[in-house]
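>
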Amino acid sequence: MAVTGFLTDSTLCIGCKACEVACKEWNDVPDDGFVWSGLSYDNTLALGHSTYRHVKFVEREPKAGCGGNASEQLTWEFSSDVCKHCENAGCLEACPTGSIVRTEFGSVFVQPDICNGCGYCVVSCPFGVVDRRPEDGRAFKCTFCYDRQKAGAEPACAKACPTGSILFGRLDDLERAADRRIAQLHASGMTDATIWNPKETSVGGTHAFFLVRGDVRAYNLPPKPEVPTTLLKQSWSAAAVAAGAMAGLSLMAFLYSSNSRRGAK
Amino acid sequence: MKSHIPETRLDEIRNQAALGQLDAKGVRPPGSPFPETNSYYGLPIVKPPVWTWEIPLYFFAGGAAGASSVIALTAQMTGASKSLVRDARWIAAIGAAVSGPLLILDLGRPERFLNMLRVFKPQSPMSVGAWTLTAFGTASAGAVIAELLRMKRAGDAAAFIAALSGLVMATYTGVLIGATAIPVWSRHARSLPIHFGASALASATALLVLRGHDEPALNVLGLAAAAFETYMGIEIESCDDIESEPLRKGPTGLTTRIGGFFSGPLPLALRLLGIRSKRARRAAAASALLGSLLTRVAWIEAGKASARDPLPHLQ
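Order-wise, the sequence lines are chains A and B.
Per this note's numbering, the first sequence starts with residue 3, numbered consecutively.
Per this note's numbering, the second sequence starts with residue 1298, numbered consecutively.
This is the structure we're talking about:
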């Protein structure tokens, strides 16, 4: 099976939220509240246990060629966020039940019939994607439409996207397509267009990657994400030191005790 | 009638609206600053831990039980009083018996707790912990049951296994929260296992002192743990990075400081000043016990506060 991926191109996104709707309907994801956030047109706010696609509405200083063209108007950029399906996935490493697995499509999948809702994947995801659904008790996140991909279909969000902002395909094809698109954008003057795909970090790259303009931090995309497993070595070493100290100290304390007892006799 | 705009401005807006050319867009009135670009509206990047009260209580009970099994074995090896060894074994067994239900209660699907034993994943501290608790619970229960049945050799063997797994029980919880994406926890991934180990040793010692045991060894262990916790408090106070902010600011900072005071300086002073007073030693034990529990609560709550801040991830 070929490794598949998502390329989400924010320069083509019109903020219609069709991906959010399509995902909710196809995956039968429950409603997670109607709130008016007051933050641009974003009332979804974040990915979560009941949101697998989330369109961000980024408002920034005026920039020629994007958003409002008047020098006084701020730019308005949209980007549809999704589970990154990391090459080294923190949630997958952390899962104690083996519920979270790597599929034949290279995606990271939570098996709902295994998950017992321990919550350890929630604190192990460097992107805040997976979460426990309170009324259900299990952890949920983007399935990368595993059921649809099994049947040879593209994920619901990609199919519903009206502008080609969400591209689905073979990961290596998408990476080449992203390079071509960046060259095209740079040639037309959008020199701040960049690809966010943390290949140089311990995450080792993601299967869902993003084309955005300007500072990636405005999209809450961490510039240098790290998978928590990199901390295991130093932390377990400290635990070994602590265990050794506890055993040694306890033994010495009781030896001292028994010597003083013998001395008293 | 006072206003910051003249009445004529309303006519102007009306005329512009009629032409479909309103110059003041709702998203940004003229003159207002452009939005900050260093994060997405300051919204969190990682998700807060979903763990509730069961988890800090489990860290406390499991830690005390683990350290108690180590005390039981070392006390037995050096020929300490039989009642001390028996009590330490009982504390380990009861602590383990409480730990299991606490962990199961915290699951989103408690009836599936056995799925924890479906696989063994050394790269997952949660998996290592589940297997360690299984081994520790079995061994520590075996040690006291064998003693009741007067099977000394079986009891000793079980107590030995309990002490080995107890060393992991007392320290692994530091790895469990340290090796995560929560900034305040991962920042302290190297010190948390030692911190929690010292806290576990302090609480096990305290429980034995409060049971009425007064071996000099217990005082030495209590003193050492209190000294380390005092050092840990100073280390936390001197961390001025943004990751450690929840340990110094807000309600979580207050809980950390109160927990630290009851774990470190107070029992240290009580044990040093009252080296000849049994009452002071008992007071030190009570303080250390309370400090140990508060410290675990503080760390979990600090993790929740830490998850709300996107900035550590955007550096």
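Every residue gets a Cβ at the ideal spot worked out from N, C-alpha and C, and that includes glycine.
By the criterion of Cβ-Cβ separation under 8 Å, what are the contact partners of L1544(B) in chain A?
What you label residue 1544(B) is simply residue 247 of the second sequence in a count that begins at 1. What L1544(B) touches in chain A: nothing, since even the nearest Cβ is about 17 Å away.
> Can you confirm whether F1356(B), when its beta carbon is compared against all beta carbons of chain A, has any partner nearer than 8 Å?
Within the second sequence, the letter at position 59 stands for residue 1356(B). Contact of F1356(B) with chain A is not assigned, every C-beta pair being separated by 8 Å or more.
> Can you tell me the Cβ-Cβ gap for C159(A) and C15(A), rounded? I've got them flagged as a contact below 8 Å.
To locate residue 159(A), count along the first sequence from 1; it is residue 157. To locate residue 15(A), count along the first sequence from 1; it is residue 13. Not quite, the Cβ-Cβ distance comes to about 12 Å (not below 8 Å), so this is no contact.
> My output table needs one value for V1382(B): the three-state DSSP class, helix, strand or coil.
Your numbering for residue 1382(B) matches position 85 in the second sequence. Three-state DSSP puts V1382(B) in a helix.
> Say whether chain A places a C-beta atom closer than 8 Å to the C-beta of S1366(B).
Your numbering for residue 1366(B) matches position 69 in the second sequence. No, no contact with chain A.
> So which residues of chain A does P1480(B) contact, with C-beta pairs closer than 9 Å?
What you label residue 1480(B) is simply residue 183 of the second sequence in a count that begins at 1. Residues of chain A passing the Cβ test: none, with the nearest at roughly 10 Å.
> For a minimum of 4 consecutive residues, which ranges assigned as the alpha helix (DSSP H) are wholly contained in the stretch 10 to 92 of chain A?
20 to 29
> In angstroms, rounded to a whole number, what distance separates the CA positions of G1323(B) and V214(A)?
Stepping through the second sequence from its first residue, residue 1323(B) is reached at position 26. Stepping through the first sequence from its first residue, residue 214(A) is reached at position 212. The predicted model places G1323(B) with a pLDDT of 48, which falls under 50 and marks its position as unreliable, so this point remains unresolved.
> With burial defined as no fewer than 16 other Cβ atoms inside 10 Å of the residue's Cβ, what is the status of D1538(B): buried or exposed?
Stepping through the second sequence from its first residue, residue 1538(B) is reached at position 241. Counting Cβ neighbours within 10 Å, D1538(B) comes out exposed, since fewer than 16 surround it.
> Give me the chain B residues within the contact set of D133(A), using Cβ-Cβ distance strictly less than 7 Å, ordered along the chain.
Translated into positions along the first sequence, residue 133(A) becomes position 131. Result: K1344.
> CB-CB under 7 Å to K1601(B), same chain, minus the five flanking residues each way: which ones, in chain order?
The count along the second sequence starts at 1 and reaches residue 1601(B) at position 304. Cβ neighbours of K1601(B) beyond the five flanking positions: P1345, P1346.
> Mind pulling the alpha helix (DSSP H) runs of 4 or more residues that sit fully within the stretch 1530 to 1560 of chain B?
If only uninterrupted alpha helix (DSSP H) runs of at least 4 residues are considered, those enclosed by the stretch 1530 to 1560 of chain B are 1547 to 1560.
> Under three-state DSSP, which class holds A210(A)?
As a first step, residue 210(A) must be located in the first sequence, where it is residue number 208. Reduced to three states, the DSSP call for A210(A) is strand.
> What is the residue span of the alpha helix (DSSP H) that R182(A) lies within?
The sequence position of residue 182(A) within the first sequence is 180, counting from 1. Element bounds for R182(A): 173 to 189.
> In whole angstroms, what separates the C-alpha of R1256(B) from that of A1577(B)?
With chain B covering only 1298 through 1612, there is no way to say anything about residue 1256(B).
> Could you have a look at F170(A) and say whether DSSP puts it in helix, strand or coil?
Along the first sequence, one-based indexing puts residue 170(A) at 168. Secondary structure at F170(A): strand, using DSSP grouped into helix, strand and coil.
> Distance, Cα to Cα, Y1338(B) vs A241(A)?
If you number the second sequence from 1, residue 1338(B) lands on position 41. If you number the first sequence from 1, residue 241(A) lands on position 239. C-alpha separation (whole angstroms): 38 Å.
> What does S126(A) reach in chain B if we use C-beta pairs closer than 7 Å?
What you label residue 126(A) is simply residue 124 of the first sequence in a count that begins at 1. Chain B residues near S126(A): T1477, A1478.
> Ordered along the chain, which non-local residues of its own chain (more than five positions away) have a Cβ less than 6 Å from that of A96(A)?
Here residue 96(A) corresponds to residue number 94 of the first sequence, with the count starting at 1. Excluding sequence neighbours, A96(A) sits near Y122, C123, S126.
> Thinking C-alpha only, which one of Q1420(B), G1397(B), E1351(B) is nearest L1411(B)?
Working through the second sequence from its first residue, we reach residue 1411(B) at position 114. It is G1397(B) whose Cα lies nearest to the Cα of L1411(B).
> Looking at the structure shown, is W1482(B) part of a helix, part of a strand, or coil, going by DSSP?
The residue given as residue 1482(B) occupies position 185 in the second sequence. Here W1482(B) sits in helix by DSSP.
> Look at the Cβ atom of S1500(B), then the Cβ atom of F1357(B), and state whether they are nearer than 8 Å.
On the second sequence, residue 1500(B) is found 203 positions in, with the first residue counted as 1. On the second sequence, residue 1357(B) is found 60 positions in, with the first residue counted as 1. Cβ atoms of S1500(B) and F1357(B): closer than 8 Å.
> If we call anything under 8 Å between Cβ atoms a contact, is P1422(B) one with L1473(B)?
Start at 1 with the first residue of the second sequence, and residue 1422(B) comes out as number 125. Start at 1 with the first residue of the second sequence, and residue 1473(B) comes out as number 176. Cβ atoms of P1422(B) and L1473(B): closer than 8 Å.
> Suppose the cutoff is 6 Å on Cβ atoms and the five residues either side in sequence are ignored; what does the same chain contact list for T10(A) look like?
As a working note, residue 10(A) is residue 8 in the first sequence. So the qualifying residues of the chain are S82, I168, F212.
> Compile a chain-ordered list of the residues in the stretch 199 to 226 of chain A whose CB is closer than 8 Å to at least one CB of chain B.
G216, D217, R219, A220, Y221, N222, P224, P225, K226
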